[in-house]
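Oh and the sequence shown: position 3 is 8 in the numbering used here, straight run, nothing missing.
Glycine is no exception: its CB is placed at the ideal position from the N, C-alpha and C atoms.
Keep in mind the model is a prediction, meaning the values are calculated, not measured.
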Amino acid sequence: MTAMSEVVRVACPHDCPDTCAMLVTVEDGVAKKIQGDPEMPFTEGTLCTKVAYYLERTYSPDRLRHPLKRVGPKGEGRFRRVSWDEALDEIAARLKTLAAENPQTILPCSYAGTMGMVQYSSMDRR
């Protein structure tokens with residue numbers, strides 16, 4: 006059986022101001038290679054370090070694939086798997102408690118160096 010291979014033109018998922026164009030080689034539905042698009046006038050085919058190693062992080066056997074909750078003292082490395090709903094509900098409840106007790110403990114981030122216009126208007130407005 007031969008692998009079906011194609012090169013797909015995509016935009017960088019990091020929403021940086023550069024909005025880099027990339028060429029991704031996909032075989033049987035799995036990304037195998039990422040390279041900068043040489044036709045992108047601003048970057049001329051160059052990728053930043055974050056994106057250059059994107060596949061290694063995405064397909065790493067060490068990548069967390071499910072939310073985990075610590076079940077012992079910090080530092081023991083003991084966790085149990087929880088659902089996304091449970092994880093997000095607990096995070097939201099903790100943030101609401103913190104906001105009620107002292108709103109200054111929660112720092113909304115309106116802009117950071119790697120954020121583009123999409124993220125600029127998102128996080129602190131939820």
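Exercise. What is the DSSP secondary structure of Leu52, reduced to helix, strand or coil?
Worked result: coil
Proximity winner among Glu11, Phe84, Gln40 and Arg70, relative to Tyr59 (alpha-carbon distances):
Gln40
Q: Return helix, strand or coil for Arg62, following the three-state DSSP convention.
A: helix
*asked:* Starting from Glu32, trace the beta strand (DSSP E) in both directions and tell me its first and last residue.
replied: Ala26 to Glu32
Tell me, to the nearest whole angstrom, how far the beta carbon of Val12 is from that of Thr30; I am working on the premise that it is less than 8 angstroms. 5 angstroms
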